[in-house]
Amino acid sequence: MQHIFKKLEEDKAIKKVIYMLMAMGYAYYEVRQIREIFKKDSFREIAKPAIKRISYEMKVNMITEQEIAEFIYREEPYLGYLYFEAGYDISILIIMFIYRNGLNLLDIFLIPLEQITINADKRYRITKIENNYEVNHQGLYFEDFYYYYSPLFFVKRNAKNPPPLIESLVNLEKKGNDLWLRLDNSLRIKKEDYSPFYREFFEIYQGREINLDDIQFPFKKGEFEPFCVYNPKTMKKIQFKISHRKDSEKWIEAEELWPIKEDKKQDWYLTRYFHSIYDDQNHIFVHVDGSFNFYTQEQYKVRINQNINAHARFHQKMWLVEGEISIVDWGKLLLNFFDDPDLILDALKGNLVEEVFEDYK
Numbered sequence: 006m007q008h009i010f011k012k013l014e015e016d017k018a019i020k021k022v023i024y025m026l027m028a029m030g031y032a033y034y035e036v037r038q039i040r041e042i043f044k045k046d047s048f049r050e051i052a053k054p055a056i057k058r059i060s061y062e063m064k065v066n067m068i069t070e071q072e073i074a075e076f077i078y079r080e081e082p083y084l085g086y087l088y089f090e091a092g093y094d095i096s097i098l099i100i101m102f103i104y105r106n107g108l109n110l111l112d113i114f115l116i117p118l119e120q121i122t123i124n125a126d127k128r129y130r131i132t133k134i135e136n137n138y139e140v141n142h143q144g145l146y147f148e149d150f151y152y153y154y155s156p157l158f159f160v161k162r163n164a165k166n167p168p169p170l171i172e173s174l175v176n177l178e179k180k181g182n183d184l185w186l187r188l189d190n191s192l193r194i195k196k197e198d199y200s201p202f203y204r205e206f207f208e209i210y211q212g213r214e215i216n217l218d219d220i221q222f223p224f225k226k227g228e229f230e231p232f233c234v235y236n237p238k239t240m241k242k243i244q245f246k247i248s249h250r251k252d253s254e255k256w257i258e259a260e261e262l263w264p265i266k267e268d269k270k271q272d273w274y275l276t277r278y279f280h281s282i283y284d285d286q287n288h289i290f291v292h293v294d295g296s297f298n299f300y301t302q303e304q305y306k307v308r309i310n311q312n313i314n315a316h317a318r319f320h321q322k323m324w325l326v327e328g329e330i331s332i333v334d335w336g337k338l339l340l341n342f343f344d345d346p347d348l349i350l351d352a353l354k355g356n357l358v359e360e361v362f363e364d365y366k
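In the numbering used here, the protein residues as written are 6 to 366.
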C-alpha cells in the first residue's frame with residue numbers, strides 16, 4: 006500500500022490540488038468544507054485530473070476502496086471514520102491523507118505547478134495590478150477572476166483583513182505608485198465560485214511598540230556597507246547591504262539567514278530577499294521588491310559565510326512597487342515582508358552589527 010501512496014504523492018495533478026488547498030488556507034482535516042467547495046465548477050476542474058489518477062492507480066494495482074480506507078484508518082483514524090461512518094468519497098480522503106505532509110515549495114517552480122498569467126513580465130513573472138481590483142484576506146479579485154495568494158509567503162492570515170504586506174502595497178498603489186504581484190493561474194477561479202474561508206487567529210505582539218517615525222536612515226556612510234541583526238537564541242540573522250550606485254542612487258538589500266542544523270539533513274534552503282533603490286537627493290525610494298531565494302545545501306554553506314551575493318540556485322520575485330515611496334512606507338514593507346518585528350525594528354532603529362568575513366574586500 007505504501008508504494009501506491011508514494012506514486013500518488015509524486016503525481017503532478019494531486020500536487021496541484023494540494024497547492025490550491027494550501028493557498029486557500031485549509032487544514033487537511035477540514036474535509037467537510039473542502040468537499041463542498043469541490044462541488045463548484047472551478048474546483049471540480051482542478052480536482053478532476055487528480056481523481057482520475059487515483060482511479061487509475063487503484064485499477065491497475067487491483068486495490069479496493071475498502072483496503073485503502075482500512076490503511077488510512079490505521080494511520081489517520083479521523084479520515085478513515087469519514088469513509089466508514091459518513092460515506093465520504095475515497096478519492097477526497099486519499100488527497101487529504103497526502104495533504105497532511107504539505108508540499109515541497111520548490112515544486113511550485115520545478116515541476117512546475119505554477120502557471121503565470123499571460124500578461125506577466127517575461128523576466129520577473131509578475132503582473133501589473135491596476136484598474137479595478139479588490140483584495141481580501143485570501144487573495145484578490147482581478148479582471149475576471151479571483152486569485153489566491155501564493156502559499157509561499159502568506160502562512161499567517163487574519164480572519165478579516167488582507168495580510169499587512171498586501172495592505173501596504175495596495176496603499177502605495179492608491180498613492181499613484183505602480184504595483185506588480187505574482188499571480189498564478191493555478192490558483193485562479195471564477196469570481197462567482199469564490200466563497201471566503203475564515204479562521205480566527207489570536208496573536209498578541211509582546212515586543213516593543215511598532216512605531217516607524219524614528220527610523221535611523223541611512224544607516225552609515227560608505228561605499229559598501231555590510232551589517233546585520235541577529236537573534237542570539239535562534240541565531241537567525243537578517244543581513245543588510247548598502248551599495249552606492251550611479252549618481253545619488255543607493256541599493257539597500259536585506260536577506261534572512263537561518264543557521265544550518267548539523268543534525269538535520271536539508272537538501273534545500275529557502276530565504277526571503279528584499280531589494281530597494283533609494284534616491285539620496287529627493288529622500289525617497291523609487292523601487293522596492295520582495296523575492297525568495299532557493300539554495301542547495303552546498304550553495305547555502307557558501308552563502309551563510311558571506312555577505313549578500315548571487316549564490317542562489319533559484320530567485321523568484323513575488324512583488325514590486327515603483328514610484329515615490331517614503332522612508333516610513335519602505336520601513337513598513339520591510340517589516341511586513343520579513344514578519345520578524347524584533348529583528349526588523351532593531352535594524353530600523355540602528356541597532357546593527359557590522360559583519361566582517363575573511364573573503365570581504
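Cβ atoms here follow ideal geometry from the backbone N, Cα and C, with glycine treated the same way.
All figures in this text were calculated on a predicted structure; none of them were measured in a lab.
If K393 sits next to I313, beta carbons under 8 Å apart, how far is it from one beta carbon to the other, in whole angstroms?
-> With the chain running from 6 to 366 in the structure shown, residue 393 is simply not present.
What separation, rounded to the nearest whole angstrom, lies between the Cα atoms of F207 and L157?
-> Taking the sequence shown and counting its residues from 1, the one referred to as residue 207 is at position 202. Taking the sequence shown and counting its residues from 1, the one referred to as residue 157 is at position 152. Per-residue confidence for F207 stands at a pLDDT of 44, beneath the threshold of 50, marking its modelled position as unreliable; the derived number appears in the next sentence. Answer to the nearest angstrom: the Cα atoms are 22 Å apart.
Would DSSP call H3 helix, strand or coil?
-> The chain is shown from 6 up to 366; residue 3 falls before or after that span and cannot be answered.
Using the rule of at least 16 other Cβ atoms within 10 Å of the residue's Cβ for burial, across every protein chain shown, is F89 buried or exposed?
-> Taking the sequence shown and counting its residues from 1, one reaches residue 89 at position 84. Looking at its Cβ environment, which holds fewer than 16 other Cβ atoms inside 10 Å, F89 is exposed.
Cβ of K195 within 8 Å of Cβ of F232?
-> Position 190 of the sequence shown, counted from the first residue, corresponds to residue 195. Position 227 of the sequence shown, counted from the first residue, corresponds to residue 232. In this structure, F232 does not lie closer than 8 Å to K195 by Cβ.
Among D189, F147, E148 and V140, nearest to K165 - alpha-carbon criterion = Here residue 165 refers to the residue found at position 160 when the sequence shown is read from its first residue. Checking every option, the nearest Cα to that of K165 belongs to V140.
In chain order, what residues of the same chain have a beta carbon less than 6 Å from the beta carbon of Y129, not counting five sequence neighbours either side?
-> Here residue 129 corresponds to residue number 124 of the sequence shown, with the count starting at 1. Taken in chain order, the residues that qualify are K322.
If you compare alpha carbons, which of A259, L325 and F319 is closest to L353?
-> For the purposes of this step, residue 353 is taken as residue 348 along the sequence shown, with counting starting at 1. If we check each option's Cα against that of L353, A259 comes out closest.
From what residue to what residue does the alpha helix (DSSP H) around Q38 run?
-> Position 33 of the sequence shown, counted from the start, is the residue given in the question as residue 38. For Q38, the uninterrupted alpha helix (DSSP H) run begins and ends at V36 to I42, by DSSP.
Can you tell me whether Y203 is buried or exposed, with buried defined as 16 or more other CB within 10 angstroms of its CB?
-> For the purposes of this step, residue 203 is taken as the residue at position 198 of the sequence shown. Exposed, because fewer than 16 other Cβ atoms sit within 10 Å of the Cβ of Y203.
Complete runs of the beta strand (DSSP E) confined to the stretch 235–311 [at least 3 residues] = Here the runs fully enclosed are 242–249, 254–262, 273–284 and 289–301.
How about S47 and E119: do their beta carbons lie closer than 8 Å?
-> The count along the sequence shown starts at 1 and reaches residue 47 at position 42. The count along the sequence shown starts at 1 and reaches residue 119 at position 114. Cβ atoms of S47 and E119: not closer than 8 Å.
Given that a residue counts as buried once 16 or more other Cβ atoms are within 10 Å of its Cβ, and exposed if not, what is A91?
-> The residue you call residue 91 lines up with position 86 of the sequence shown. So A91 ends up on the exposed side.
Check the C-beta distance from I73 over to I95 and give it rounded, since I have them as a contact under 8 Å.
-> Here the question's residue 73 lines up with position 68 in the sequence shown. Here the question's residue 95 lines up with position 90 in the sequence shown. Yes, they are in contact, since the Cβ atoms of I73 and I95 sit about 6 Å apart, within 8 Å.
Using the DSSP secondary-structure output, state which residues sit across from D183 in a beta bridge.
-> Within the sequence shown, the letter at position 178 stands for residue 183. DSSP lists E327 as the bridge partner or partners of D183.
Would N124 pass as a contact of V326 if the rule is Cβ separation under 8 Å?
-> Counting from 1 along the sequence shown, the entry for residue 124 is found at position 119. Counting from 1 along the sequence shown, the entry for residue 326 is found at position 321. No. Outside cutoff.
Of the listed residues Y33, I103 and G328, nearest to H288 (C-alpha basis) = Taking the first residue of the sequence shown as position 1, residue 288 is located at position 283. When each option's Cα is compared against that of H288, the closest is G328.
Per DSSP, which one or two residues make a beta bridge with G144?
-> In the sequence shown, the residue the question calls residue 144 occupies position 139. G144 pairs with Y153.
Cα-Cα separation between K270 and K306, rounded to whole angstroms = In the sequence shown, residue 270 corresponds to position 265, counting from 1. In the sequence shown, residue 306 corresponds to position 301, counting from 1. Roughly 13 Å separates the two Cα atoms.
Rank F102, S173, Y300 and L87 by C-alpha distance to the C-alpha of D294 and give the top, closest one.
-> Taking the first residue of the sequence shown as position 1, residue 294 is located at position 289. Among F102, S173, Y300 and L87, the Cα nearest to that of D294 belongs to S173.
Is the distance from the Cβ of P346 to the Cβ of L340 below 8 Å?
-> Counting from 1 along the sequence shown, the entry for residue 346 is found at position 341. Counting from 1 along the sequence shown, the entry for residue 340 is found at position 335. Note that the C-beta distance between P346 and L340 is below 8 Å.
For L108 and L145, the rounded distance between their alpha carbons | To locate residue 145, count along the sequence shown from 1; it is residue 140. To locate residue 108, count along the sequence shown from 1; it is residue 103. L145 and L108: Cα-Cα distance of roughly 23 Å.
For L115, does the count of other Cβ atoms within 10 angstroms reach 16, so buried, or fall short, so exposed?
-> Position 110 of the sequence shown, counted from the first residue, corresponds to residue 115. That one is exposed.
Roughly how many angstroms separate the alpha carbons of L348 and I265, rounded to a whole number?
-> Along the sequence shown, read from residue 1 onward, the residue named residue 348 stands at position 343. Along the sequence shown, read from residue 1 onward, the residue named residue 265 stands at position 260. When rounded, the distance between both Cα atoms is 19 Å.
Look up E139 in the DSSP assignment and say whether it is helix, strand or coil.
-> Numbered from its first residue, the sequence shown carries residue 139 at position 134. In this structure, E139 counts as strand in the three-state DSSP scheme.
Determine the direct distance from the alpha carbon of E81 to that of D334, and round the result to whole angstroms.
-> Translated into the one-based positions of the sequence shown, residue 334 becomes position 329. Translated into the one-based positions of the sequence shown, residue 81 becomes position 76. Straight-line Cα distance between these residues: approximately 47 Å.
R193 CB to nearest chain D CB: under 8 Å?
-> Absent from the structure: chain D. Only one protein chain is present.
Return helix, strand or coil for D345, following the three-state DSSP convention.
-> Taking the first residue of the sequence shown as 1, we reach residue 345 at position 340. Coil, per DSSP.
Would you identify the three-state DSSP class for R130, choosing helix, strand or coil?
-> On the sequence shown, position 125 is the one that residue 130 refers to. In the structure shown, R130 sits in coil (DSSP, three-state: anything other than H, G, I, E or B).
Give the DSSP-derived three-state secondary structure of I100 in the structure shown.
-> For this step, residue 100 is matched to residue 95 along the sequence shown. Here I100 carries a helix assignment [DSSP, helix/strand/coil].
Buried or exposed for G85, please, with buried defined as at least 16 other CB atoms from any protein chain shown within 10 angstroms of its CB.
-> If you number the sequence shown from 1, residue 85 lands on position 80. Buried.
Residue of D285, H316 and Y283 minimising C-alpha distance to N298 | Counting from 1 along the sequence shown, the entry for residue 298 is found at position 293. With distances taken between Cα atoms, N298 lies closest to H316.
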